[in-house]
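A.B. asks:
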Amino acid sequence: MSDRHQSLTELEDLIRSARETSLEISRDQLRQWMSSPDLEVQGATYLLLRESMKSLRITPPLDADEHLRFRRDYLERCIREGGEGPWSDSRYEAAWEIAGWMASVFDDPATARKVLVGLRDWLATIYREGSPVVRDALVNGTLEHLFERPKIRRFFNDWRNDPLLAGAFADASLWAREGGDSPLVGRRKPRPGRKNE
1 MSDRHQSLTE LEDLIRSARE TSLEISRDQL RQWMSSPDLE VQGATYLLLR
51 ESMKSLRITP PLDADEHLRF RRDYLERCIR EGGEGPWSDS RYEAAWEIAG
101 WMASVFDDPA TARKVLVGLR DWLATIYREG SPVVRDALVN GTLEHLFERP
151 KIRRFFNDWR NDPLLAGAFA DASLWAREGG DSPLVGRRKP RPGRKNE
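Note that UniProt numbering has the sequence shown beginning at 1, numbered continuously upward.
(1) Note down, in chain order, each residue of its chain lying with its Cβ closer than 8 Å to the Cβ of proline 37, except the 5 sequence neighbours on either side.
(2) Rounded to the nearest angstrom, what separates leucine 62 and alanine 124 at their Cα positions?
(3) Quick one: give me the first and last residue of the beta strand (DSSP E) that leucine 48 is part of.
(4) Would you say leucine 48 and isoleucine 15 are within 7 Å of each other, going by their C-beta atoms?
(5) Give me the residue from Met34, Ala103 and Phe106 with the minimum Cα distance to tyrosine 74.
(6) From the DSSP output, in three-state form, read off serine 26 for me.
(7) Quick check: the Cα distance between glutamate 84 and valine 133, rounded to an integer number of angstroms?
(8) The beta strand (DSSP E) that contains threonine 21, what's its start and end?
(9) Please classify arginine 149: does DSSP put it in a helix, a strand, or coil?
(10) Under 6 Å Cβ to Cβ from leucine 68, same chain only, skipping five residues before and after it: list those, please.
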């Protein structure tokens, strides 16, 4: 059995088990999966951490910064490479994940401003270095939805003064200005006949 197959089999079993009961996993094992060059192994690890953090006990505990770096690096890799397998996120799935994640980080009063600035700068780097396909995914999958929230859009205002980022800012702002609204970052306005999602 290949290392990849064994890792994915173990991760699948853990994901299933974690949905039903709490379980313990060694930090060393988790780090091994997090650092795997295989995007599918990283995708399964991401899912395990995302869906099972309440029922998963990592011993010794995983440092919060290490978890943040893994999440950021995995999602960036998916946006750049466009995951195609059953465990990895596609380019747009990763972009949507980033939108929801950044909105929740932005809403958390315990989040240090430097973390928010770091995430904003990270998105700028992805955009600057990205191909047209990567840039489109970032604008349409992440920024448009973040910019539905005026406070978040203002947080990105410095992009308007950058020759390359100004176009991304303007394009993403159109979505909200034209009434775009999605559940990715929390509805901005109630819809007639529906509860605010």
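The C-beta atom is built at its ideal place from N, Cα and C for all residues, glycine as well.
C.D. replies: For this structure:
(1) none
(2) 28 Å
(3) Element bounds for leucine 48: not the beta strand (DSSP E) but the alpha helix (DSSP H), 39-52.
(4) yes
(5) Met34
(6) strand
(7) 15 Å
(8) From DSSP, threonine 21 is part of no beta strand (DSSP E); its letter is neither H nor E.
(9) coil
(10) none
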